[in-house]
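Take a look at the structure below.
In the UniProt record's numbering, the protein residues as written are 1 to 362.
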């Protein structure tokens, strides 16, 4: 039992460290997920509407705190530091996560909990099952608490806290050190919008009270159709919601033609307008180089025209879904460089490139 207890300790600690680090790599992604939860709770629990909406502006801070706590508690568990207190805090944390994943699964709300960021997508009931297993393992650790001996490893835990916060700050001020998103450098967007192979389905039919499966739709009209299920799920397009338009129509394919410097301007109070002057200088410096500059925005026409006028951004603009723009760039504004649909560069507004760097990427 003692050996099993130590195995469980290392397993739980490792999972929490991995989960926390993956999310600290992109705390803005976790912020977006928390905002989704808060908005859903505000609607579903209308009697607490103001409370949940008051948490939305704090989502980024809560994201960093929660993700850093996972790493710190995981390190503390592996380092045998104050194990009694650490196990009880872990229990409280996993109960909270279990509630979120159950709510997501049962009510079909926020269908991606973001447990492992964008590195690993889990279906709602899979996430809930994972949390139930962790809950049982942590209860087992509390039950076996006499087996463990706390060690004076506070300096290691303190280092993990400093590292976690530093990683989060870096990812927020710049961009995630490792990009797990489908719009990352090197990806060809048009290709990812297509299935990797022809999609295959099976048809669930019913006849005489018996259910049968067919890979081709049966010609026998006595069968009653129930549902169609995708067989090769992994072949689905990785990108399904990228669309660009304006009042004249759809311009999605035009963004995949030639060299495009795309300025991402999302709707919201976090737009860093001070950076637009430097971005304007970059746009002006690229004139005559064959690189076409344009804006993708989730703002209304009136809002984006006001921004363009105020900061002399004399380039065309197109609309795109706000969620898609958040996925393309965690920065607002952000800079996205493509050549014939292949992503060649991504920059945070804090690292706006010079003309030479942009041309060098192409």
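Don't be surprised by glycine CBs; every beta carbon is placed ideally from N, CA and C.
All values reported here derive from a predicted model rather than from experimental measurement.
Next item on the list: Could you confirm whether any beta carbon from chain B is found closer than 8 Å to the beta carbon of residue 290?
Entry: This model lacks chain B altogether; it includes just one protein chain.
Check: According to the neighbour-count rule (16 or more other Cβ atoms, all chains shown, within 10 Å of its Cβ), is residue 313 buried or exposed?
Finding: buried
Note to self: Counting beta carbon pairs with one atom in the segment 112-120 and one in the segment 176-187, are three or more of them shorter than 8 Å?
What the structure shows: At 8 Å Cβ cutoff, the stretches touch.
Checklist line | One or two residues paired with residue 348 in a DSSP bridge | finding: 334
Next item on the list: Give the straight-line distance between the Cα atoms of residue 246 and residue 321, rounded to the nearest whole angstrom.
Entry: 12 Å
Checklist line | Beta-carbon gap between residue 24 and residue 71 smaller than 8 Å | finding: yes
Next item on the list: Figure out for me which residue from 21, 349, 189 and 336 has the closest Cα to the Cα of residue 361.
Entry: 336
Next item on the list: Give me the Cα-Cα distance between residue 279 and residue 304, rounded to the nearest whole angstrom.
Entry: 15 Å
Notebook entry, point to check: With burial defined as no fewer than 16 other Cβ atoms inside 10 Å of the residue's Cβ, what is the status of residue 35: buried or exposed?
Noted result: buried
Next item on the list: Would you kindly check if the distance between the Cβ of residue 195 and the Cβ of residue 235 is under 8 Å?
Entry: yes
Notebook entry, point to check: If we count Cβ pairs, one from each stretch, closer than 8 Å, do we get three or more for the segment 137-147 versus the segment 11-26?
Noted result: yes
Next item on the list: Assign residue 284 to one of three DSSP states: helix, strand, or coil.
Entry: helix
Notebook entry, point to check: Distance, Cα to Cα, residue 86 vs residue 52?
Noted result: One C-alpha to the other measures close to 28 Å.
Checklist line | Cα-Cα separation, residue 47 to residue 161 | finding: Rounded to the nearest angstrom, the two C-alpha atoms are 36 Å apart.
Check: Excluding five sequence neighbours on each side, which residues of the same chain lie with their C-beta closer than 8 Å to the C-beta of residue 216?
Finding: Hits under 8 Å: 203.
Next item on the list: Kindly list the residues whose CB is nearer than 8 Å to the CB of residue 294, restricted to its own chain and excluding five residues on each side of it in sequence; keep chain order.
Entry: 255, 260, 261, 262, 263, 315, 316, 317 and 318
Next item on the list: For the segment 249-303, list the beta strand (DSSP E) runs that are entirely contained and at least 3 residues long, ordered along the chain.
Entry: 259-265 and 291-297
Next item on the list: Determine the burial state of residue 199: buried for a count of at least 16 other Cβ atoms within 10 Å of its Cβ, exposed for fewer.
Entry: exposed
Check: Hey, would you say residue 89 sits closer than 8 Å to residue 73, going by beta carbons?
Finding: yes
Next item on the list: Report the rounded CA-to-CA distance for residue 169 versus residue 273, giving the unit in angstroms.
Entry: Roughly 20 Å separates the two Cα atoms.
Next item on the list: Go through its chain and collect everything with a Cβ distance to residue 83's Cβ below 6 Å, but skip five positions before and after it.
Entry: Correct list, in chain order: 148 and 150.
Next item on the list: Output the distance between the C-alpha atoms of residue 44 and residue 54, rounded to the nearest integer angstrom.
Entry: 15 Å
Check: Of the residues 68, 284 and 1, which one's Cα is nearest the Cα of residue 158?
Finding: 68
Next item on the list: Tell me where the alpha helix (DSSP H) around residue 315 begins and ends.
Entry: Residue 315 -> no alpha helix (DSSP H), and no H or E assigned at all.
Checklist line | Cut-off 7 Å between Cβ atoms - residues of its own chain near residue 205, not counting five sequence neighbours on either side | finding: 212, 214, 218, 223, 224, 225 and 226
Note to self: Tell me which residues share the same chain as residue 111 and place their Cβ nearer than 7 Å to its Cβ, disregarding the 5 neighbours each side in the sequence.
What the structure shows: The answer, listed in chain order, is 104 and 124.
Check: What is the residue span of the beta strand (DSSP E) that residue 243 lies within?
Finding: Per DSSP, residue 243 belongs to no beta strand (DSSP E) and is neither H nor E.
Next item on the list: Answer yes or no: do residue 26 and residue 330 have a C-beta to C-beta separation smaller than 8 Å?
Entry: yes
Checklist line | Whole-angstrom distance between residue 167 and residue 201, CA atom to CA atom | finding: Within the model, the alpha-carbon separation for residue 201 versus residue 167 is close to 43 Å.
Next item on the list: Name, in chain order, the residues that DSSP records as bridge partners for residue 120.
Entry: 116
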